[in-house]
Amino acid sequence: MRCSYFALGALFLSHLTLAADEQEAGWVSLFNGKDLTGWTPKIAGHPLGSNAHNTFVVEDGILKASYKDYEKFDNQFGHLYSNLAYSHYILRLEYRFDGPMMADAPHYVNLNSGVMFHSQPPQSMSLEQSFPVSLEFQFLADEGKGRRPTGNVCTPGTNIEVEGKLVTDHIVQSSAENLAPEEWVTIELEVHGSEEIIHRVNGKEVLRYQAPQLDPKGHVVSTKELLEKGAPIELRFGHLALQAEGQPIWFRNIELKPLPQQTTQKTQ
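Quick note: the sequence shown uses my numbering, first residue 1, plus one each step.
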């Protein structure tokens with residue numbers, strides 16, 4: 001009888017393991033936990049590929065935006081770009097803020113970072129350009145000064161639509177709660193080309209919008225050169241880029257799950 005119970009228990013555990021494996025099927029790691037393979041840095045004032053001042057480092061399996069080797073920030077806004085561009089996918093990662101911002105960075109940088117997506121290629125950026133034309137899943141933490149939710153969308157050089165209405169505000173707030181800076185936060189970004197984009201924080205949907213597009217007026221970041229070169233208004237794909245804008249931050253478990261392009265169902 002004991003053998004029968006043991007066999008049934010082993011079978012049950014095997015079933016749970018198989019179910020977990022099936023659930024995780026399709027996820028691809030974008031960060032190998034060892035180095036920057038698959039990613040390219042672009043830091044304002046420095047050529048593409050130069051990891052100036054060791055801004056992006058890997059320690060103990062964590063990808064860090066670090067300012068240990070900086071004398072001052074001096075508007076050296078940095079981004080770490082995926083070498084590939086993506087269109088239909090779910091991106092998930094964990095982030096955690098690490099200490100104070102650089103003293104000479106703009107005030108808004110405090111406990112502020114993010115991941116850019118549908119970004120212009122880093123090769124198309126000017127030497128001094130601070131931010132790519134893109135969308136941003138913004139990461140924020142509580143400053144103790146009132147509501148400051150993470151998971152907002154920021155739109156450097158872009159616009160979006162919400163429920164069919166064009167929105168030209170640079171920041172559209174999410175419904176997320178204030179989160180402490182020392183905690184690890186899990187985010188998911190679900191992107192269906194230009195049809196639908198969904199932000200999730202710790203497993204909960206906090207924002208949904210549609211029709212990402214270039215802003216002809218080029219607010220925050222100029223779009224003039226891209227438009228002159230024939231870039232389409234509609235944003236259907238682009239690169240990912242982790243931010244380093246003067247606030248130290250850690251990233252880990254960076255994974256992507258490709259979605260079929262015919263997937264248009266709105267998930268909850």
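We put the CB at the ideal spot given by N, CA and C, even for glycine.
Are the Cβ atoms of residue 133 and residue 209 separated by less than 8 Å?
The count along the sequence shown starts at 1 and reaches residue 133 at position 133. The count along the sequence shown starts at 1 and reaches residue 209 at position 209. For residue 133 and residue 209, no; Cβs fall outside 8 Å.
Taking only runs that begin and end inside the region 159–228, name each unbroken beta strand (DSSP E) of 3 or more residues, in chain order.
Counting whole runs of 3 or more residues, the region 159–228 contains the beta strand (DSSP E) stretches 165–167, 185–192, 196–201, 204–214.
Residue from 39, 152, 212, 43 whose Cα sits closest to the Cα of residue 114:
Translated into the one-based positions of the sequence shown, residue 114 becomes position 114. Comparing Cα positions, the closest option is 152.
Which same chain residues end up closer than 8 Å to residue 249 when comparing Cβ atoms and leaving out the 5 residues on each side of it in sequence?
The count along the sequence shown starts at 1 and reaches residue 249 at position 249. Spatial neighbours of residue 249 in its own chain (CB-CB distance under 8 Å, excluding positions within 5 residues in sequence) are listed in chain order as 64, 65, 95, 96, 97, 98, 113, 139, 243.
Are the Cβ atoms of residue 30 and residue 56 separated by less than 8 Å?
If you number the sequence shown from 1, residue 30 lands on position 30. If you number the sequence shown from 1, residue 56 lands on position 56. Cβ distance not < 8 Å, so residue 30 and residue 56 don't count as in contact.
Consult DSSP for residue 100 and reduce its assignment to one of helix, strand or coil.
Position 100 of the sequence shown, counting from 1, holds the residue named residue 100. It is coil, neither helix nor strand.
Our contact map puts residue 254 next to residue 190 with C-beta atoms below 8 Å; I'd like the distance itself, whole angstroms only.
By one-based count along the sequence shown, residue 254 stands at place 254. By one-based count along the sequence shown, residue 190 stands at place 190. Incorrect: roughly 15 Å between the Cβ atoms, too far for contact.
Could you pull the DSSP bridge partners for residue 241 from this structure?
As a first step, residue 241 must be located in the sequence shown, where it is residue number 241. Bridge pairing for residue 241: 81, 116 [DSSP].
Since residue 193 and residue 237 should fall inside the 8 Å C-beta cutoff, what is the C-beta to C-beta distance between them, to a whole number of angstroms?
Counting from 1 along the sequence shown, the entry for residue 193 is found at position 193. Counting from 1 along the sequence shown, the entry for residue 237 is found at position 237. Indeed, because the Cβ distance is near 7 Å, the residues count as touching under 8 Å.
So, are the CB atoms of residue 197 and residue 212 less than 8 Å apart?
The count along the sequence shown starts at 1 and reaches residue 197 at position 197. The count along the sequence shown starts at 1 and reaches residue 212 at position 212. Yes, the Cβ-Cβ distance between residue 197 and residue 212 is below 8 Å.
Below 8 Å on the Cβ atoms is my guess for residue 110 versus residue 143; work out the distance and round it to an integer in Å.
Translated into positions along the sequence shown, residue 110 becomes position 110. Translated into positions along the sequence shown, residue 143 becomes position 143. The C-beta separation of residue 110 from residue 143 comes to about 7 Å, placing the pair in contact by the 8 Å criterion.
With a Cβ-Cβ cutoff of 8 Å, do residue 259 and residue 120 count as a contact?
Mapped onto the sequence shown, residue 259 falls at position 259. Mapped onto the sequence shown, residue 120 falls at position 120. Pairing residue 259 with residue 120 gives a Cβ-Cβ distance that is not under 8 Å.
Would you say residue 201 and residue 176 are within 8 Å of each other, going by their C-beta atoms?
Within the sequence shown, residue 201 is the residue found at index 201, counting from 1. Within the sequence shown, residue 176 is the residue found at index 176, counting from 1. Here residue 201 is near residue 176, since their CB atoms are less than 8 Å apart.
For the beta strand (DSSP E) containing residue 27, list its first residue and its last residue.
Along the sequence shown, read from residue 1 onward, the residue named residue 27 stands at position 27. No beta strand (DSSP E) contains residue 27, which DSSP labels as neither H nor E.
Tell me the rounded alpha-carbon separation between residue 155 and residue 220.
Along the sequence shown, one-based indexing puts residue 155 at 155. Along the sequence shown, one-based indexing puts residue 220 at 220. Straight-line Cα distance between these residues: approximately 8 Å.
State the start and end residues of the unbroken beta strand (DSSP E) segment that holds residue 57.
For the purposes of this step, residue 57 is taken as residue 57 along the sequence shown, with counting starting at 1. Annotation: the continuous beta strand (DSSP E) that includes residue 57 extends over 56–59.
Which residue's Cα is closest to the Cα of residue 128: 42, 195, 230?
Sequence index remark: in the sequence shown, residue 128 carries index 128 (1-based). Its Cα nearest to that of residue 128, the residue 42 stands out among 42, 195, 230.
Select from 214, 86, 241 the residue whose C-alpha is nearest the C-alpha of residue 39.
In the sequence shown, the residue the question calls residue 39 occupies position 39. Answer by Cα proximity: 241.
Local Cβ density within 10 Å of residue 54, reported as buried at 16 or more and exposed below that
Sequence index remark: in the sequence shown, residue 54 carries index 54 (1-based). By the neighbour-count rule (16 or more Cβ atoms within 10 Å), residue 54 is not buried but exposed.
Indicate whether residue 218 and residue 157 have their beta-carbon atoms separated by less than 8 Å.
Translated into positions along the sequence shown, residue 218 becomes position 218. Translated into positions along the sequence shown, residue 157 becomes position 157. Taking 8 Å as the Cβ cut-off, residue 218 and residue 157 qualify as a contacting pair.
Following the continuous beta strand (DSSP E) through residue 139, name the residue where it begins and the one where it ends.
Residue mapping note: residue 139 aligns to position 139 of the sequence shown, counting from 1. Start and end: 135–140.
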